[in-house]
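Student: Would you mind keeping the following structure in view while I ask a few things?
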Amino acid sequence: MSDYAATVRAQLDPTRILRLLPLGITLAASAFALVWVLFWAPHTNFGPAIDHPDQFFITLLNGIYFAAELFIVASGFALIFGLMRVVNMAHGSFYLLGGFIAYDMQQHMARGGDFFIPSSSINAWEWIVPALVASICIGALGLVVQQVFLRWNLGQDLRQALITIAISVIIADQVITHFHQGLARGLSWPGFIDRFVNLHAFGIQYSLIKLVVTALGVGVGVLLWLWIYRTRTGMIIRAGVDDRQMASALGVNIQKTFAIVFFVGSALAAFGATVVASQGNVATGQDGAWLLNALVVVVVGGMGSIFGAVAGALLYGLVFQFAASYLPTSATEYAVVFTFILLALVLGFRPQGLFGKPG
Amino acid sequence: MRSLGTFQSRKQATERTAAGTMLVLLAIWPLVFSSNSYWVGYILTQTFAVGIAAASLIFLSAYGGMVSLAQVALYGICGLVLGNLVTSGQAKGLHLGWSPWLAVAAAVGITTAIALLFGAIASRSAGIYFLMITLTFGVIANTFFGSVTTFGGFSGIAGIDTYTPGLVGNHVTQPARLYYIAFTVAIIVYLLIRYIVRTPFGIALQGVRDEPVRMRSLGYNVPLHRTLAFGLAGFMASLAGVLYAWSIGVVAPGTLDLASTVDLLVIAVIGGLARIEGAWLGAFVFFAIQTYVRNVSVPVLGGSFNTIIGFIFLAIVIISPNGLMGLWDMITRYAFGDRGGGSSEPFRELRRIVSDAWFRLKGGAPTRTQSRSETL
Amino acid sequence: MEGSRLNRLRTWKLLLPLAVGVVAISAVSATSLAARSARSATPIKIAIMTDCKGAFGGATEVDIGGAQAAFAQFAGGKPVNPKKPSAGMTGITISGRPVKIVGYGCGNDTVPLAISETKRLMEQLGADIMVGPLSGDEAVTVAHYAQSHPKKTFVIGTAGSQDPTLQIAPKNLFRYHGDGAQWNAGIGEIAYKKLHWRKAAIIMDDYSFGWTSAAGMIADFCGVGGKIVKRVFPPLNTTDYSSYVQQLPPPSKVDGYFWVVGGTGTGASLKAYEQAFGKVSPKKFIGNLFFAFLGNFQEVAPRLIGAYVGGFGTGPGLNTKQAKGYEAIVAKWYPGLNGGNYADGFVYNYYNAAWALIRGLKAVHGDISGGQAKLQAHMPRTNRSGYQVSNNGLVKLDSNRQAIQDQYPLQITKGPGGKPGLAITGWVPNVDQSFGGFFTKNSPPPGRSQPPCVKHKFPWTGKIHAVKNGVITKQIIK
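Each protein sequence line maps, in turn, to chains A, B and C. At position 38 of the first sequence (counting the first as 1) the number is 46 in this note's numbering, and the numbers step up by one without a gap. At position 300 of the second sequence (counting the first as 1) the number is 311 in this note's numbering, and the numbers step up by one without a gap. At position 179 of the third sequence (counting the first as 1) the number is 187 in this note's numbering, and the numbers step up by one without a gap.
This is how it looks when you write it as structure tokens:
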């Protein structure tokens, strides 16, 4: 009996209730959002999903596609942060430079003369080669930065973040000087994916490009997962993360693995830039925007976890698209606020992010 | 033992003299050099104002172990709230036309409340996580004000400098007034921080910084201490926001964007994250660089002065992670002969790099990894 | 003994760097003192404010080149480097007085940097007059600054916001080009009459320049009887436009789209459209200047060949002596500036701003004493800007010191070598900022729902001339 009383008391403990509060709010908010979108949605563009399921599914697919794009750009940032505890503030600048390198490469291959090339005159190689060249160049740049500036101050988190900030300032200025004055330039997707496919559901014709981007996001995620959890290098990396000194004592060359991680993480920034620049464009100013996108993804998802980055990207992408589509038309300016409500809820509920380990 | 004591006292004496001279110089500056209004009206006033924000960052970092990137967001929020409340007529935003002092009080109050909220959310994180979460707060504030047109939108709110209290007057015609007000507020904030860190709260905060687990087991509420410290820093940042709005006259989402956030961090780092005085030193050096490093061409690379600023910052971070105040500590140690601490940080670092490279060249010696305590 | 000697030695080690520091500081102050004493000497100091970072960071050289071409042509300036305008200019004199360009402002399209750069130019470098800034919100800030600094003179470089000359309108601020609404005058009528649009949707950046540009299109289109069936407002610099584009009615439901998404958003939003509704059909798209200018041409024009563009107040390919003369002058001093495209508002508007300023200074024989009151009174009320045709080729300032100018709606064409080009499609004479009293100081400024879609007759309604091969014809567009 007294056991039971203690349990009841424990359950009614105010601090416990307080701790559960964020969970309650999150659940209530999600439930409300779901009901709103599915059945209610007055004064919105599309009306409730039950009346217009096609618009609902398009928004859903858009959310997933945008999440894939976010994940590709953020994965490099998440990788470097998760495995090396380096907040690479130059990620945005790597992205920027990578995007322009890919653009110049495609222009060179397809002889665009610095004009946008219609997708019909681009073949698969004219997209793949620029993406690879940009990734390798930026990977190499990242490697140099890591070897010269970040190798000798392991563990000094803030100092490393500051060093990458300084580097990002330099790169951003150099891009304006040497790459089309940093003005907006867009790549083209290969022509054969630039079409619609019939999804055989609610009569939706959906862009194949967006499906390809989604697939690329999944592909990057799966490859990273295989690499980290199914290969020897990945094992060493994880060992190095868990106990740096023990790993090196066991004869593991931790510096080498860190170098590899930085190469891959930087290369992913450039690959992400190639995708984003093909979907839209690359231009100065985007460096900051995409660094912050990556940051939000990583903070929501949980720092230092690939799954976290996936979850963070999905939540961010879905909330972003649904808020823009399912707010009353007079209030769409508040769409961005919902991304932040999401952030606040996650951080209030799990300060380490959805999949993060407690710091 | 004796030599250490001498070292401390001599260093202290030197610093006191330097600080005294500096204060006197600054106090008479507008009287002596009043003709050059740019220094009074911009560089120094901005140094005091932005230095306060930097001091709030350094306060959190040095005594709470929290490096916050939300301080710019907080002073920007304060400026935008002030702008919405105080302007009237055709101004953008809400243009409520409140009386200036009331608006200032409300803006500082609202900002402090937001800071407490931010602090409560972030208080359970530490280290680099804290940095990232607070940066996220900055992003939230920037995007919120950038996209919600009700509060001024992307263009922000201009003309705030024409709605100042009588005490401040017209910043353009009487720049010295705002100069002295900013100077006074800066000194008050400095003394406030010095006072707080000696109170039981401040001492407990430093305990939380060094040994959070032990403090918790001693019965201290660790998140609460962090939250309160953050709220306090938010209060200081909001003072900076008011001064900024009065002196610049316009506050916009651009005031609290990523570039500005990084700028404040740069200021704090140039000054040195370990000592409060560094905030104003860093701010001064930053504004001086911004102003005077201009018509320089960059050899080989090309590019504008931004490249140079990047390199200067890079050099400071690499050579002296504790900024100019750290450099000062190093110089005094060297000059007054305190060899107890061994050779100074950058030299040790440099020597390590060189010897490391040497071993690698000779093809021997496995790479040593060295787990070092966080110095920043 | 030994110890104290050592201590003294160490004291020296401290004092030496300190002494070096003091010397350095005094050197700096001496320089600034020298600079100050130089300030009291004769040269007139002019600053050019532009952007060198952010979305328009690439415009620096173009803007400076435009302004300095005028100083070279009319005030004897010599470019230090014809390939790099920002290298400076020497030897400028006006009525025998030397003129010095003391500095170039480096903004990033945000308000705070605009104001701190303006302060640096005006207060630290002691400029008397500023040519600039570059963008709408920056100009609003500068207008506020001008209001509180009546003893300095400001000539806007190129900016599309209404407020500086309609709402704020300080007496020492001049603008010799149109605003965002003026730059889109006439295009709505062309959509209605040439493309037979009746129902259109509009997508606009959710900030002042987007609203102002859209205002010009909406006013004209609705003025002749068109209907705007949907307004969509993506936030500025949205990362992904798909959910905003999705809100537009599909192409089968409307006759066309007015596309007022700027900067990097133009290309991104058009691609998002293609992925939602299929290929862009150029005849269903009308853009503001972001279809063709501000660095966007290379990126968006190839898929828009045949589409109409509101314009930038310039007349690319206009075949008049005055226009050719202007282009020849820029080509003479800065050959190849802006890739040889001188009919870009970045070049043209900065050029005219500087030219008008030179004329003002000449009118007062370089006398800027007495708080520049004389100069401000004698700043030209008309200017023979290159692309102006009506009013005997003179751009006229209204009572708010804002230009009344001809506007040229444009069309993206296939130029030589299959590359996209630009052609003038119409001539809208004498467009004033108020649209003939439609926008006033007291009317709500352009916004999400402003102006409303109403029928209205503007001074140029039914008077737009067709332009063929750069020649203005007698034919009215019907």
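All residues carry an ideal CB built from backbone N, CA and C; glycine is no exception. Values in this document were obtained by computation on a predicted structure and should not be read as measured data.
Whose Cβ in chain C lies nearer than 7 Å to the Cβ of residue 160 (chain B)?
Tutor: 214
Student: Taking Cβ positions, are residue 423 (chain A) and residue 132 (chain A) nearer each other than 8 Å?
Tutor: No answer is possible for residue 423 (chain A): the residues shown for chain A start at 9 and end at 367.
Student: Within the 8 Å Cβ cut-off, does residue 163 (chain C) reach chain B?
Tutor: no
Student: Who are the Cβ neighbours of residue 296 (chain C) in its own chain at under 6 Å, not counting the five residues just before and after it?
Tutor: 192, 221, 268, 318
Student: Rounded to the nearest angstrom, what separates residue 383 (chain C) and residue 364 (chain C) at their Cα positions?
Tutor: 11 Å
Student: Indicate the three-state DSSP secondary structure (helix, strand or coil) for residue 352 (chain C) in the structure shown.
Tutor: coil
Student: Which residues mark the beginning and the end of the beta strand (DSSP E) in which residue 214 (chain A) is found?
Tutor: 213-215
Student: Can you tell me where the alpha helix (DSSP H) with residue 332 (chain C) in it begins and where it stops?
Tutor: 329-341
Student: In the DSSP assignment, the beta strand (DSSP E) including residue 267 (chain C) goes from what residue to what residue?
Tutor: 264-268
Student: Cβ of residue 345 (chain A) less than 8 Å from any chain B Cβ?
Tutor: Flagged as an interface residue toward chain B: residue 345 (chain A), by a C-beta distance shorter than 8 Å.
Student: Given that a residue counts as buried once 16 or more other Cβ atoms are within 10 Å of its Cβ, and exposed if not, what is residue 336 (chain C)?
Tutor: exposed
Student: Flag residue 297 (chain B) as yes if its beta-carbon sits less than 8 Å from any beta-carbon of chain A, otherwise no.
Tutor: no
Student: Where does residue 271 (chain A) fall in DSSP's three states?
Tutor: helix
Student: On the DSSP letters alone, give me the boundaries of the alpha helix (DSSP H) that residue 218 (chain B) sits inside.
Tutor: 211-221
Student: Is it the case that the stretch 202-212 of chain A contacts the stretch 331-343 of chain B, given that we only count it when at least three CB pairs across the two stretches are under 8 Å?
Tutor: no
Student: Quick check: what's the CA-CA separation for residue 379 (chain B) versus residue 46 (chain A)?
Tutor: Note that residue 379 (chain B) scores a pLDDT of 41, beneath 50, so its modelled location is shaky and nothing firm can be said.
Student: Per the DSSP calculation, residue 473 (chain C) is bridged to which residue(s)?
Tutor: C:435, C:484
Student: Can you pull the chain B residues whose beta carbon is under 9 Å from the beta carbon of residue 359 (chain A), in chain order?
Tutor: 132, 133, 134, 135, 136, 140, 144
Student: Using the beta-carbon count (16 or more within 10 Å), is residue 5 (chain C) buried or exposed?
Tutor: In the structure as shown, chain C starts at 9 and stops at 486, and residue 5 (chain C) therefore has no counterpart that could be examined.
Student: Taking buried to mean at least 16 other C-beta atoms within 10 Å of its own C-beta, is residue 250 (chain A) buried or exposed?
Tutor: exposed
Student: Do you know how far the Cα of residue 274 (chain C) is from the Cα of residue 287 (chain C)?
Tutor: 15 Å
Student: Does the stretch 36-50 of chain A come within contact of the stretch 219-236 of chain C, defined as at least 3 CB pairs closer than 8 Å?
Tutor: With the cut-off at 8 Å, the stretch 36-50 of chain A and the stretch 219-236 of chain C do not touch.
Student: Between which two residues does the beta strand (DSSP E) holding residue 204 (chain A) run?
Tutor: 204-206
Student: Can you name the residues of chain A whose CB is closer than 7 Å to the CB of residue 251 (chain C)?
Tutor: What residue 251 (chain C) touches in chain A: 67, 70, 329, 332, 333.
Student: With 16 other CB atoms within 10 Å as the buried threshold, where does residue 297 (chain A) fall?
Tutor: buried
Student: For chain A, check one thing: does any of its Cβ atoms lie closer than 8 Å to the Cβ of residue 128 (chain C)?
Tutor: no
Student: Residue 31 (chain A) to residue 351 (chain A), Cα distance in whole Å?
Tutor: Going by the C-alpha atoms only, they are around 13 Å apart.
Student: Does the CB of residue 427 (chain C) have a neighbour CB from chain A at under 8 Å?
Tutor: yes
Student: I'd like to know if the stretch 157-168 of chain B and the stretch 325-332 of chain A are in contact, where contact means that at least 3 CB-CB pairs between them fall below 8 Å.
Tutor: no
Student: On a CA-only basis, which of B:240, B:268, B:68 is nearest residue 128 (chain B)? Give me that one, please.
Tutor: B:240
Student: How about residue 108 (chain B) and residue 98 (chain B): do their beta carbons lie closer than 8 Å?
Tutor: yes
Student: What are the residues that DSSP puts in a beta bridge with residue 161 (chain C)?
Tutor: C:137
Student: Rounding to the nearest angstrom, what Cα-Cα distance links residue 341 (chain C) and residue 137 (chain B) in this structure?
Tutor: Cα-Cα distance, rounded: 59 Å.
Student: What's the gap between the Cα of residue 93 (chain C) and the Cα of residue 436 (chain C)?
Tutor: 33 Å
Student: Per DSSP, which one or two residues make a beta bridge with residue 105 (chain C)?
Tutor: C:102
Student: Run through the stretch 148-221 of chain C for me and flag every whole beta strand (DSSP E) of 3 or more residues, listed as ranges in chain order.
Tutor: 161-163, 207-212
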